[in-house]
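Below you'll find the structure, written out as structure tokens, and then a few comments.
Right, here's the structure in full:
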């Protein structure tokens with residue numbers, strides 16, 4: 001398909017055909033005029049985007065001076081004016097000159113709905129984090145639970161709820177929320193690994209604060225190991241990794257070299273691509289070799 005096939009000159013004679021085409025592919029109806037400087041500035045940006053999207057959207061250009069009836073039917077009051085028509089319905093509109101970024105964002109829900117949904121989800125999670133930091137944990141938790149009730153497959157939202165519950169010390173609730181999903185999905189993998197660390201610490205009654213004090217005063221291998229796992233399970237990854245690295249450095253043969261396997265288990269608790277994992281893998285390698 002040639003790029004010019006994505007761009008149509010719309011008139012009263014072909015507008016019905018264009019609207020019919022919108023049932024299969026979104027159509028941008030661009031109202032412009034030769035005297036409108038912002039229209040001239042935005043036109044090449046629009047055309048480049050439409051060509052880039054390769055048939056995911058079509059541009060119907062309407063000369064508002066020549067097609068005054070169409071401009072009136074679409075309720076155009078100023079130029080430039082963009083109308084987004086999809087499945088025969090007007091779904092969105094923009095008035096005035098727009099930047100490329102604004103146009104991409106406007107078109108995202110119809111040309112790349114998955115990316116738009118992910119962006120929306122990331123924005124929601126960021127709002128939740130801000131609410132928790134501002135002391136509105138109960139409201140944040142309620143919003144997370146409501147979202148999951150409506151969309152139980154939103155694993156990043158579930159991970160956020162598990163993270164909040166863990167931070168609030170509600171381990172049983174966190175584990176229950178996690179157990180509602182049985183498949184191995186990336187956003188939940190680090191939390192399963194954190195619970196695996198807690199299982200290794202079953203029977204350990206010393207608090208994290210007390211262990212921290214002990215390894216600060218006079219570290220011994222048992223306390224370094226217990227603190228390393230407990231800190232990582234609580235989300236204090238760097239502190240846990242430092243303790244396990246010290247264990248590897250000072251007591252390499254402790255429990256048949258358990259420091260190395262413990263470090264590897266903590267790496268599994270970190271999100272994919274976390275720079276902390278890369279940093280401490282290098283440090284572990286240097287101690288081992």
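Numbering (the numbering used here), first residue to last: 1 to 289.
C-beta atoms are modelled at their ideal positions from N, C-alpha and C, and glycine is treated no differently.
Just so you know, these numbers come straight off a predicted model, no measurement behind them.
Alpha carbons only, please: which of 76, 47 and 283 is nearest the one belonging to residue 31? Minimum Cα distance to residue 31 is reached at 76.
Bridge partners - residue 89, DSSP secondary structure assignment: BP columns for residue 89 point to 86.
Exposed or buried, which one is residue 267 when buried takes at least 16 other CB atoms within 10 Å? By the 16-neighbour rule on beta-carbons within 10 angstroms, residue 267 is buried.
Rounded to the nearest angstrom, what separates residue 137 and residue 125 at their Cα positions? The alpha-carbon separation between residue 137 and residue 125 amounts to approximately 13 Å.
Contacting residues, own chain, Cβ-Cβ under 7 Å from residue 148 (five flanking each side not counted): Counting only Cβ-Cβ distances below 7 Å, and skipping sequence neighbours, we find 154, 157, 158 and 161.
The segment 67 to 81 / the segment 32 to 40 touching (three or more Cβ pairs under 8 Å): The count of Cβ pairs closer than 8 Å, one atom from the segment 67 to 81 and one from the segment 32 to 40, reaches three, so the stretches are in contact.
Hey, quick one: how far does the beta strand (DSSP E) through residue 32 stretch, first residue to last? 27 to 32 is the span of the beta strand (DSSP E), which, as asked, contains residue 32.
If you run the structure through DSSP and keep just helix, strand and coil, what is residue 110? Helix at residue 110.
Assuming residue 70 and residue 15 make a contact with CB atoms under 8 Å, what is their CB distance in whole Å? Right, their Cβ atoms sit about 6 Å apart.
Can you list, in chain order, the residues of its chain whose CB lies under 7 Å from that of residue 6, leaving out five sequence neighbours each side? Within the same chain, residue 6 has close Cβ partners 50, 51, 55, 58 and 59.
Kindly indicate the opening and closing residues of the beta strand (DSSP E) around residue 283. Taken as a continuous stretch (DSSP letters only), residue 283 belongs to no beta strand (DSSP E), being part of the alpha helix (DSSP H) at 275 to 288.
Using 7 Å as the threshold, is the C-beta distance between residue 244 and residue 259 below it? Yes. Within cutoff.
What does DSSP give as the partner residue(s) for residue 58 in the beta ladder? Residue 58 has 27 as its beta-bridge partners, per DSSP.
Pairs of beta-carbons, one from the segment 193 to 202 and one from the segment 232 to 240, closer than 8 Å: are there three or more? Touching, yes, given that three or more Cβ pairs across the two stretches are closer than 8 Å.
Counting Cβ pairs, one atom from each stretch, are 3 or more of them under 8 Å apart for the segment 213 to 227 and the segment 177 to 194? Contact between the segment 213 to 227 and the segment 177 to 194 is absent, because fewer than three Cβ pairs lie under 8 Å.
So who's on the other strand from residue 81, going by DSSP bridges? Here residue 81 is bridged, per DSSP, to 31 and 95.
Name the DSSP beta bridge partners of residue 8, please? Per the DSSP secondary-structure output, residue 8 pairs in a beta bridge with 60.
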